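Below you can see the structure in the form of structure tokens.
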């Protein structure tokens with residue numbers, strides 16, 4: 001299973017990538033939203049994991065592009081440090097499948113990823 005991870009926090013991105021790879025996933029990681037979106041346009045991913053506040057293009061814009069322009073139903077999980085309820089509601093409105101507040105528990109993230117990927121199988 002191939003995951004794209006768009007997260008501008010280097011430590012979080014690298015640690016989540018390491019964790020997911022240790023669980024058997026292939027992870028392409030990006031610190032910039034524009035670079036992540038370019039990769040989404042040219043590659044096939046089983047799941048998109050994106051921070052909401054990214055340099056270049058935000059996680060919300062990435063999600064919206066996946067749903068509206070690419071017409072893709074690939075599962076999208078949005079990560080954010082925002083504790084604002086409206087942000088979570090907006091994420092679901094544009095098509096995110098899951099919303100996880102930081103700090104991220106790798107174990108909880110894995111459960112949510114497996115749940116989403118099982119839905120697609």
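Numbering (UniProt numbering), first residue to last: 1 to 121. The beta-carbon is built from N, C-alpha and C at its ideal position, and this holds for glycine as well. This one's a predicted model, so the numbers in the text were calculated from it and none came from an experiment.
Under the three-state DSSP convention, the category residue 30 falls into: Your numbering for residue 30 matches position 30 in the chain shown. In the structure shown, residue 30 sits in a strand (DSSP, three-state: E or B).
Residue 21 versus residue 93 - alpha carbon distance: As a first step, residue 21 must be located in the chain shown, where it is residue number 21. As a first step, residue 93 must be located in the chain shown, where it is residue number 93. Their backbone Cα atoms lie some 30 Å apart in a straight line.
Rounded to the nearest angstrom, what separates residue 115 and residue 58 at their Cα positions? The residue labelled residue 115 in the question sits at position 115 within the chain shown. The residue labelled residue 58 in the question sits at position 58 within the chain shown. Taking C-alpha positions only, residue 115 is separated from residue 58 by approximately 25 Å.
Distance check for residue 2 and residue 44, CA to CA, integer angstroms please. Working through the chain shown from its first residue, we reach residue 44 at position 44. Working through the chain shown from its first residue, we reach residue 2 at position 2. The alpha-carbon atoms of residue 44 and residue 2 are separated by roughly 8 Å.
Residue 77 and residue 47 - do their beta-carbons sit closer together than 8 Å? Your numbering for residue 47 matches position 47 in the chain shown. Your numbering for residue 77 matches position 77 in the chain shown. Against a cut-off of 8 Å, the Cβ pair of residue 77 and residue 47 comes out as a contact.
Please classify residue 91 as buried or exposed, where buried requires at least 16 neighbouring CB atoms within 10 angstroms. Here residue 91 corresponds to residue number 91 of the chain shown, with the count starting at 1. The residue in question, residue 91, is buried, as its Cβ has 16 or more Cβ neighbours within 10 Å.
Return the CA-CA distance between residue 107 and residue 9, expressed in angstroms with no decimal places. On the chain shown, position 107 is the one that residue 107 refers to. On the chain shown, position 9 is the one that residue 9 refers to. Approximately 19 Å between the Cα atoms of the pair.
Endpoints, alpha helix (DSSP H) assigned at residue 67: Taking the first residue of the chain shown as 1, we reach residue 67 at position 67. Looking at the DSSP string, residue 67 is not in any alpha helix (DSSP H), and its letter there is neither H nor E.
Considering only the beta carbon of each residue, do residue 82 and residue 52 sit closer than 8 Å? Start at 1 with the first residue of the chain shown, and residue 82 comes out as number 82. Start at 1 with the first residue of the chain shown, and residue 52 comes out as number 52. Result yes, Cβ atoms of residue 82 and residue 52 sit closer than 8 Å.
Reference residue 88, options 42, 105, 69, 63, closest by Cα: As a working mapping, residue 88 is identified with position 88 in the chain shown. Nearest C-alpha to residue 88: 63.
Sequence ranges, alpha helix (DSSP H) only - wholly within the UniProt domain "Response regulatory" (2 to 117), length at least 4: Those alpha helix (DSSP H) runs which fall completely within the UniProt domain "Response regulatory" (2 to 117) and span 4+ residues are 10 to 22, 33 to 42, 59 to 64, 85 to 93.
Drop a sphere of 10 angstroms on the beta-carbon of residue 75, count the other beta-carbons inside from all chains shown, and report buried for 16 or more, exposed for fewer. Within the chain shown, numbered from 1, the residue matching residue 75 stands at position 75. By the 10 Å Cβ count, residue 75 comes out buried.
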